[in-house]
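For reference, the structure discussed in these notes is given below.
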Amino acid sequence: MEYLLENILLFSKKQRLYVWNVLALASKRLKKHDNRRSLVQLLTAIISNAYIIGFIEGKIFQGGTKAFCVPGLNCYACPGALGSCPIGSLQAVIGSRGKSFSFYIIGYLAAVGAASGRFICGWACPFGYLQDLLYKIPFLKKFKKHRLPGEKYLEKFRYLLLVVFVFLIPMYVVDFLGQGSPAFCAYICPSGTLSGLLLMIGNEGLRSAVGWLFAWKNLILAFVVFSSIVIYRPFCRYMCPLGAIYGLFNPIALYRFKIDEEKCTKCKVCQITCKLDIPVYITPNSSACIRCGDCIAACPHGAIIHGKDIFKNQVVGQSESSYPL
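See below:
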């Protein structure tokens, strides 16, 4: 909502008047929608990390559920994690001798992506939720940025990290047992670093064993945390390999967006509502879209069709064309 208020000055006087009128009608819907999404994110984070004893004792959960992956970015090493991270699992086995588990992971990622695209990023990713909370901090408010210079090039960086650190290095850098190096987890992932910090709180042995690599990863974590206060979801936009994979499915996923051209007036309310500055009325299925749904809540005309409503709309259209009056 704050983003919409800040960016309204970018438009003409007529457009500003229109948007102010839309704000009066949409503000309650946006607030209700944001509260609902925050609740879902909180519950997902709690359920994914429900092993409370792990936080107290500084130990990783080793139960049977660790054989399965959660859909979002939630590190295996988090003391409370009940499941595995799909990116960590993919790296660990992609260059190993036994390929069966990697095929399971690839199939899992494809299934989640084909079903929902980046919906997981917006609603069910614990690390994404953390970034949302950080962005709400009013500190350095005047420095908050919603789009950086060279944004379209920065967004490609997550694909570079995906190819190099998730696929190439694990595939070609293996130990004497034939196990691939989990390069993204080992050298970059801030979620894993945060999990390591939580482990060290309750484990004195780990605190004495950390070295330069952990210091390097703490610098990355600090950068992501600070950036998240002034930029909306910088890790998701520029660095997350999981989001890069899911984003490829956005245009073809079962849960996708479609613009009803008869209702859309190109008022751009969807774009100024979007914290990622996506022109939804032009590219509703951008790979950067995390499916938060703010644009849907703000649209004054109900022009953004999504999910199962797309198929309902197609069926209605076919019926009307089959039986003309």
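For the sequence shown, this note's numbering assigns the number 18 to the initial residue and increments by one for each residue that follows. Even glycine gets a Cβ: it sits at the ideal position worked out from N, Cα and C.
Cβ shell of residue i (< 6 Å), same chain only, five flanking positions each side left out
i	result
Phe-72	Pro-96 and Gly-97
Lys-325	none
Leu-34	none
Leu-215	Pro-96
Cross-strand partners of residue i (DSSP beta bridge)
i	result
Ser-101	Cys-86
Phe-274	His-323
Gly-197	Val-191
Residues near residue i in its chain [Cβ-Cβ closer than 8 Å; skip 5 each side]
i	result
Ile-322	Phe-274, Lys-275, Ile-276, Asp-277 and Asn-330
Val-332	Because the pLDDT at Val-332 is just 44, under 50, the model does not fix this residue reliably, and the value given afterwards should be weighed accordingly. Counting only Cβ-Cβ distances below 8 Å, and skipping sequence neighbours, we find nothing.
Trp-140	Arg-54, Val-57, Gln-58, Thr-61, Arg-308 and Cys-309
Lys-283	Tyr-298
Gln-335	At Gln-335, the pLDDT of 42 sits below 50, so the modelled position is not reliable and the matter cannot be decided from this model.
Ile-205	Leu-178, Phe-182, Lys-234, Ile-237 and Met-256
Ala-84	Ser-101
Thr-210	Phe-231, Lys-234, Asn-235, Ile-237 and Leu-238
Arg-46	Ala-314 and Ala-315
Ile-123	Leu-107
Asp-294	His-163, Arg-164, Glu-168 and Gln-288
Thr-82	Leu-99 and Gly-100
Ile-64	Leu-99
Phe-156	Ile-246
Cβ pair residue i, residue j closer than 7 Å
i	j	result
Tyr-272	Ser-44	no
Gly-145	Tyr-263	no
Tyr-93	Gly-105	yes
Gln-108	Pro-187	yes
Ala-261	Arg-164	no
Ala-67	Leu-99	yes
Delimiting residues of the alpha helix (DSSP H) encompassing residue i
i	result
Gln-288	286-290
Met-256	That residue, Met-256, is in no alpha helix (DSSP H); it is neither H nor E in DSSP.
Ala-200	200-204
Ser-245	229-247
Pro-296	Looking at the DSSP string, Pro-296 is not in any alpha helix (DSSP H), and its letter there is neither H nor E.
Ala-315	311-315
Gly-145	143-152
Cys-138	136-140
Ile-269	Neither: Ile-269 is in no alpha helix (DSSP H) and is coded neither H nor E.
Phe-72	69-74
Leu-178	174-178
Leu-165	Here Leu-165 belongs to no alpha helix (DSSP H), and DSSP marks it neither H nor E.
CB-CB length for residue i against residue j, believed under 8 Å
i	j	result
Ile-111	Ile-246	Going by Cβ atoms, the distance from Ile-111 to Ile-246 rounds to 34 Å, so no, they are not a contact pair.
Pro-207	Val-241	5 Å
Ala-239	His-50	The pair is not a contact, with the Cβ atoms about 32 Å apart (cut-off 8 Å).
Gly-228	Ser-113	With 8 Å as the limit, Gly-228 and Ser-113 do not qualify as a contact, their Cβ atoms being about 25 Å apart.
Cys-253	Gln-148	7 Å
Lys-292	Tyr-249	4 Å
Leu-150	Pro-317	Leu-150 to Pro-317, Cβ: 29 Å. No contact.
Contact set for residue i: own chain, Cβ-Cβ below 7 Å, skip 5 residues either direction
i	result
Tyr-125	Cys-86 and Pro-103
Ala-270	Gly-130, Ala-131, Ala-132, Ser-133 and Gly-134
Ala-320	Ile-276, Asp-277, Lys-280 and Cys-281
Asn-302	Asn-267, Pro-268, Arg-273 and Phe-274
Phe-201	Ile-104, Gln-108, Leu-178, Phe-182, Val-183 and Pro-258
Thr-300	none
Cys-142	Gly-89 and Leu-90
Ser-244	Pro-251
Glu-172	Arg-254, Tyr-255 and Ala-305
Cys-312	Cys-287, Thr-290, Cys-291, Val-297 and Ile-321
Ile-69	Gly-97
Pro-199	Gly-105, Gln-108, Ala-109 and Pro-187
Ile-137	Pro-88, Gly-89, Val-129 and Tyr-263
Gly-213	Ala-94 and Phe-231
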